[in-house]
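Report on one structure; see the data block that follows.
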Amino acid sequence: LNPSGVGYGAGQFGFEPAQLRNIRDRIVDPADGDALIAALASAERVGCVMGEPDLARLPKGYDASGKRAELLRHKAIVARTFDADASSDVLIGTKARDWVMRTSGALIPLIRWLATA
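Here the sequence shown stands for residues -10 to 106, numbered as in the numbering used here.
Below you can see the structure in the form of structure tokens.
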């Protein structure tokens, strides 16, 4: 919440080392990695994106390219609006319900993916 609007997102910060290894193993798994990439694409369609990767290089022991390589360099899996906050125009009246439902619905695949970690 800030003077210009409301930020919104979903995900998880602060993985324990074992959790982070599990997340990374799932990223390189063909089916699981594809599911995460699809979940993040759904989030992106409503303006929720991940920030820049935390690491400059791939973590030791992992080999990947493209989107998987980028995801492996993150220490958290969070998609959020960042600077594209919902303005008061969207958050007043019935528009608010529509915005929350549309945005939340698009984030459900990411929430489900993380819930199975």
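Built from N, CA and C at the ideal position, the CB exists for glycine as well. Only a predicted model underlies this, so the values are computations on that prediction, with no experimental measurement involved.
- The region 7 to 25 makes contact with the region 46 to 58: 3 or more CB pairs, one atom from each, lie closer than 8 angstroms.
- Its chain contains 56 as the residues whose beta carbon lies nearer than 6 angstroms to that of residue 26, once the 5 sequence neighbours on both sides are disregarded; these appear in chain order.
- In this chain, the beta strand (DSSP E) harbouring residue 66 covers 66 to 69.
- If you check the CB distance, residue -4 and residue 70 come in under 8 angstroms.
- The three-state reading of DSSP puts residue -2 in strand, counting E and B together.
- Residue pairing from DSSP places residue 75 in a beta bridge opposite -5.
- Per the DSSP secondary-structure output, residue 17 pairs with nothing in a beta bridge.
- Counting every other CB atom within 10 Å of its CB across the protein chains shown gives residue 81 a total below 16, marking it as exposed.
- The three-state secondary structure of residue 35, taken from DSSP, is coil.
- Taking all protein chains in view, the Cβ of residue 92 is crowded by 16 or more other Cβ atoms within 10 Å, so the residue is classified as buried.
- Judged by beta-carbon spacing, residue 12 lies within the 8 angstroms limit of residue 66, meaning their Cβ atoms are closer than that value.
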